[in-house]
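One line per chain: the protein sequences are V and P, in this order.
Each residue of the first sequence is one higher than the one before, starting from 1 at the first, in full-length UniProt numbering.
Each residue of the second sequence is one higher than the one before, starting from 1 at the first, in full-length UniProt numbering.
Note that CB positions come from ideal geometry on N, CA and C, so glycine has one too.
There are 2 protein chains.
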Amino acid sequence: MKHVTIRALARELNLSVSTISKALRDSYEISAETKQRVLALAATLNYTPNPYASSLRGKKSRTIGVVVPEVADSFFSLAINGIESVMKAMGYHVLICLTHEQFDNEKLILKEFQSGRVDGVLLSVSRETLSGEHIRDLAAQDVPVVFFDRVLDEVQAARIVTNDFESGYAATAHLVENGCREIVYLGISESLSISNRRMEGYRQALADHRLPFRTGNVVACTNDAAENYKTVKKMLQRKAPRPDGIVASVEKLTTTVYQACNDLRLRIPSDVKVVCFSNLEIATILHPSLTTITQPAFEMGRAAASLLLKAIKGNNVMSAEMVIPSVLIPRGSSTR
Amino acid sequence: MKHVTIRALARELNLSVSTISKALRDSYEISAETKQRVLALAATLNYTPNPYASSLRGKKSRTIGVVVPEVADSFFSLAINGIESVMKAMGYHVLICLTHEQFDNEKLILKEFQSGRVDGVLLSVSRETLSGEHIRDLAAQDVPVVFFDRVLDEVQAARIVTNDFESGYAATAHLVENGCREIVYLGISESLSISNRRMEGYRQALADHRLPFRTGNVVACTNDAAENYKTVKKMLQRKAPRPDGIVASVEKLTTTVYQACNDLRLRIPSDVKVVCFSNLEIATILHPSLTTITQPAFEMGRAAASLLLKAIKGNNVMSAEMVIPSVLIPRGSSTR
Chain V
1 MKHVTIRALA
11 RELNLSVSTI
21 SKALRDSYEI
31 SAETKQRVLA
41 LAATLNYTPN
51 PYASSLRGKK
61 SRTIGVVVPE
71 VADSFFSLAI
81 NGIESVMKAM
91 GYHVLICLTH
101 EQFDNEKLIL
111 KEFQSGRVDG
121 VLLSVSRETL
131 SGEHIRDLAA
141 QDVPVVFFDR
151 VLDEVQAARI
161 VTNDFESGYA
171 ATAHLVENGC
181 REIVYLGISE
191 SLSISNRRME
201 GYRQALADHR
211 LPFRTGNVVA
221 CTNDAAENYK
231 TVKKMLQRKA
241 PRPDGIVASV
251 EKLTTTVYQA
261 CNDLRLRIPS
271 DVKVVCFSNL
281 EIATILHPSL
291 TTITQPAFEM
301 GRAAASLLLK
311 AIKGNNVMSA
321 EMVIPSVLIP
331 RGSSTR
Chain P
1 MKHVTIRALA
11 RELNLSVSTI
21 SKALRDSYEI
31 SAETKQRVLA
41 LAATLNYTPN
51 PYASSLRGKK
61 SRTIGVVVPE
71 VADSFFSLAI
81 NGIESVMKAM
91 GYHVLICLTH
101 EQFDNEKLIL
111 KEFQSGRVDG
121 VLLSVSRETL
131 SGEHIRDLAA
141 QDVPVVFFDR
151 VLDEVQAARI
161 VTNDFESGYA
171 ATAHLVENGC
181 REIVYLGISE
191 SLSISNRRME
201 GYRQALADHR
211 LPFRTGNVVA
221 CTNDAAENYK
231 TVKKMLQRKA
241 PRPDGIVASV
251 EKLTTTVYQA
261 CNDLRLRIPS
271 DVKVVCFSNL
281 EIATILHPSL
291 TTITQPAFEM
301 GRAAASLLLK
311 AIKGNNVMSA
321 EMVIPSVLIP
331 RGSSTR
């Protein structure tokens, strides 16, 4: 016999999955009338809760899932250390899953987590993620979700973020103050909220300094290092107006930018000045040393973990939002 | 995004659908070469099997665990990518757990994995791991374990390693050939098999070049960056005999060595030459660019994953051992 799901009940009654889930749990948020309808249909269709999911509900797995795009970025590896420092102290296991920036992977991972394997999930969405059905489905199974760093605005969930708009602004203003007039912004996917906020900060800083915003100065990079190298090189070879400043919004573009400048015999900072969003320890030993926007990765991980523990204990933290500011660290790559 | 089907893979490779399907299931009927081609294309095109179709087999979790010391090291993040490229093509979930180099964590993680949560485990032991009871306990629960990179010799299990002895030898011989006479070896825990093999290679290279081995030239580094900085700086300040070459056996010591040289106004390579075991992409843009022993991280991950799949299918692979060689890439930090 086909297993009747919460989703099927929701479809049949034209209600949301989360309403059904709450009605079945006798939540005070749902009216008596709705509960009645849900229970009647559940009885008719012989609905039984997913045994894995809810029979384990009582005894927690004391395990949480951390879903991130990748670990080759120092932000995520530091954030994971922050998460584990909190979780370990509370006796929780931490399972890490990677989406490799792909929405399909993210969906599969969250679906797997519906089975009661974890008590809660910390999520930084992939750059392809545009809709949040898979996140709501997980929350509807009583698995709380806390966003960190990369959030999906349409989903209501607790979030720990950094001040991406202000950081994009600060990076750009810093370059202007050091004499740049033609500043290029190296971005990634347009869907990714953090990237957009950083770029909005860039645009605002240009406007406040009475510099024109040119769409040609916003360069979209991909996951392919060779392709990015070509794109950046081409951009740096542009004659008039020649770019004299670069805001790189992704850590891995550091190597690309330095390599392209090197190969074109452009000197950093005299020919072109560079600021990169990066937590790389190695920034200090580059030549010249790299000016960075350094994110509070470890602290964000800690804060997100603490918030998730509260949610697991039954507190409603859905509307919690914490912004931990990033820091501009000026070094050799952007001085006059 | 368009879903890639087995049919599409078949068309692309000019093979039958049944051949592709068998290759993905690792059938003995298909040659290793064909399997390799199919898996490579499946990874490139981001093929995922229909999860419902393939969960019909047995009551496996179709999940594997990957247990590594950390992800802030590019070797591990690349190896994980290799592991996932194989596992994803076969429709497996990958859960990553970090030991942070602590034996107690490793024991807890492996104990948790005894519960049937995973069908198999890929393990790179922590630097504290000296005994293998926890690994044998897991294997005794019919959860196969495959070592990669860092193995514990006392446990009989399949292993994918690189040629650490030869690499330690090659790094040292390279420095000798470039004029170094007083070469320091920066190591880590003495218990870690890979570190020992690298150091044995260093010793053998010195002996073969009729250079004395001095215990004072072997420096033990820790997990504490500030402490390592002090240790390395002190070593570089030594008067007679002054060190003129460094073999750094751990990637994260790169920053330490460059920083210490910089602060002491020692020039690389004229005052001291450096070779580092590292997979950092950024090695090319350091000043000078860094000579590395580059490990086949991605390939090791792929090989370990394939071996684990065989073990999960019931093949006895316990005595399998594969050595994938590392490569010395000479760059600016070690030239004459």
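Problem - Residues that Cys97 of chain P contacts on chain V, provided the C-beta gap is smaller than 8 Å - result: Result: His93, Val94, Leu95 and Ile96.
Exercise for the section: Compare the Cα-Cα distances from Met199 of chain V to each of V:Gly168, V:Ala220 and V:Ala32 and report the closest residue. Expected result: Per the Cα distances, V:Gly168.
Handout entry: Near-chain V residues of the segment 277-288 of chain P (beta-carbon distance less than 8 Å), N- to C-terminal order
Key = Listed by position, the residues of the segment 277-288 of chain P near chain V (Cβ gap below 8 Å) are Leu280, Glu281, Ile282, Thr284, Ile285, Leu286 and His287.
Problem - Contact set for Val323 of chain V: own chain, Cβ-Cβ below 6 Å, skip 5 residues either direction - result: Closer than 6 Å at Cβ, skipping near neighbours: Val161 and Asn163.
Practice task
Check whether the segment 33-40 of chain V touches the segment 11-25 of chain V, counting contact only when three or more Cβ pairs, one atom from each stretch, lie closer than 8 Å.
Solution key: The segment 33-40 of chain V, when compared against the segment 11-25 of chain V, does touch it at the 8 Å Cβ threshold.
Practice task
Output yes if chain V places a C-beta closer than 7 Å to the C-beta of Val71 of chain P; else output no.
Solution key: At least one CB atom of chain V sits nearer than 7 Å to the CB of Val71 of chain P.
Problem - Residue interval of the beta strand (DSSP E) (run including His209 of chain P) - result: Per DSSP, His209 of chain P belongs to no beta strand (DSSP E) and is neither H nor E.
Practice task
Under 6 Å Cβ to Cβ from Gly245 of chain P, same chain only, skipping five residues before and after it: list those, please.
Solution key: The answer, listed in chain order, is Leu175, Cys180, Ile183 and Lys273.
Problem - Below-7 Å beta-carbon distance, Gln204 of chain P vs any chain V residue - result: So no, Gln204 of chain P is outside the interface.
Handout entry: the segment 276-292 of chain P touching the segment 110-127 of chain P, judged by at least three CB pairs closer than 8 Å
Key = With fewer than three CB-CB distances shorter than 8 Å, the segment 276-292 of chain P does not count as touching the segment 110-127 of chain P.
Exercise for the section: Look at the alpha carbon of Val143 of chain P and the alpha carbon of Lys88 of chain V, and state the distance between them as a whole number of angstroms. Expected result: So the two alpha carbons sit approximately 24 Å from each other.
Problem - Test: Glu112 of chain P CB closer than 7 Å to a CB of chain V - result: Cβ-Cβ to chain V under 7 Å: yes for Glu112 of chain P.
Problem - For Ala43 of chain P and Thr256 of chain V, the rounded distance between their alpha carbons - result: Approximately 25 Å between the Cα atoms of the pair.
Exercise for the section: Identify each residue in the segment 254-273 of chain V for which the Cβ-Cβ distance to at least one residue of chain P is less than 8 Å, and report them in chain order. Expected result: Answer in chain order: Thr254, Thr255, Tyr258, Gln259 and Asn262.
Problem - C-alpha gap between Leu286 of chain V and Tyr258 of chain V, whole angstroms - result: Using only the alpha carbons, I get a separation of about 9 Å.
Practice task
Return yes when the Cβ of Leu253 of chain V is within less than 7 Å of the Cβ of residue 340 of chain V, no when it is not.
Solution key: In the structure as shown, chain V begins at 1 and stops at 336. Residue 340 of chain V is therefore absent and cannot be evaluated.
Problem - Environment of Asp73 of chain P [buried if 16+ CB atoms lie within 10 Å] - result: Buried, since its Cβ has 16 or more Cβ neighbours within 10 Å.
Handout entry: Coarse secondary structure for Ala260 of chain V, derived from DSSP in three states
Key = In the three-state reduction of the DSSP assignment, Ala260 of chain V falls in the helix class, which pools H, G and I.
Problem - From V:Ala207, V:Glu133, V:Leu264 and V:Arg127, residue whose alpha carbon lies closest to that of Tyr229 of chain V - result: Considering only alpha carbons, the answer is V:Leu264.
Problem - Contact set between Ser77 of chain P and chain V, taken where Cβ atoms lie within less than 9 Å - result: Under the 9 Å cutoff, chain V gives Glu70, Val71, Ala72, Asp73 and Ser77.
Handout entry: Enclosing alpha helix (DSSP H) for His174 of chain P [first to last residue]
Key = Asp164 to Glu177 is the span of the alpha helix (DSSP H), which, as asked, contains His174 of chain P.
Handout entry: Own chain, CB closer than 6 Å to Asn105 of chain P, minus 5 neighbours either side, in chain order
Key = Here the set comprises Thr99.
Problem - Cross-strand partners of Val17 of chain P (DSSP beta bridge) - result: Looking at the DSSP output, Val17 of chain P bridges to nothing.
Problem - Every unbroken alpha helix (DSSP H) inside the segment 130-158 of chain P [4 residues or more] - result: Note on the segment 130-158 of chain P: whole alpha helix (DSSP H) runs with a minimum of 4 residues are 133-140, in chain order.
Handout entry: Between the CA atoms of Asn262 of chain P and Pro330 of chain V - distance to the nearest angstrom
Key = Each residue's Cα considered, the two are about 18 Å apart.
Problem - Spatial distance of Thr292 of chain V from Gly332 of chain P (CA atoms) - result: So the alpha carbons of these two residues sit roughly 25 Å apart.
Exercise for the section: Anything in the segment 287-306 of chain P with a Cβ closer than 8 Å to a Cβ of chain V? List those residues in chain order, please. Expected result: Cβ contacts with chain V: His287.
Problem - Leu108 of chain V versus Ser115 of chain V: straight-line alpha-carbon distance, rounded - result: Going by C-alpha positions, Leu108 of chain V is about 12 Å away from Ser115 of chain V.
Exercise for the section: Consult DSSP for Ile268 of chain P and reduce its assignment to one of helix, strand or coil. Expected result: Here Ile268 of chain P sits in coil by DSSP.
Handout entry: Cβ distance (whole Å) where Met235 of chain P is taken to contact Val218 of chain P below 8 Å
Key = Not quite, the Cβ-Cβ distance comes to about 10 Å (not below 8 Å), so this is no contact.
Exercise for the section: With distances taken Cα to Cα, identify the nearest neighbour of Asn315 of chain V among V:Arg62, V:His93, V:Val145 and V:Ile80. Expected result: Taking only the C-alpha atoms, the option nearest Asn315 of chain V is V:Val145.
Problem - Reference Thr335 of chain V, options V:Ile268, V:Arg242 and V:Ala205, closest by Cα - result: Cα-wise, what sits closest to Thr335 of chain V is V:Ile268.
Handout entry: Length of the line joining the Cα atoms of Ser16 of chain P and Ala10 of chain P
Key = Answer to the nearest angstrom: the Cα atoms are 6 Å apart.
Exercise for the section: Express the C-alpha separation of Leu13 of chain P and residue 337 of chain V in angstroms, rounding to a whole number. Expected result: A query on residue 337 of chain V cannot be resolved here, the shown segment of chain V reaching from 1 to 336 and no further.
Practice task
Express the C-alpha separation of Glu299 of chain P and Gly132 of chain V in angstroms, rounding to a whole number.
Solution key: Straight through space, the alpha carbons of Glu299 of chain P and Gly132 of chain V are spaced by roughly 35 Å.
Problem - Rounded separation between Val67 of chain P and Thr222 of chain P - CA only - result: If I take the Cα positions, the gap works out to 21 Å.
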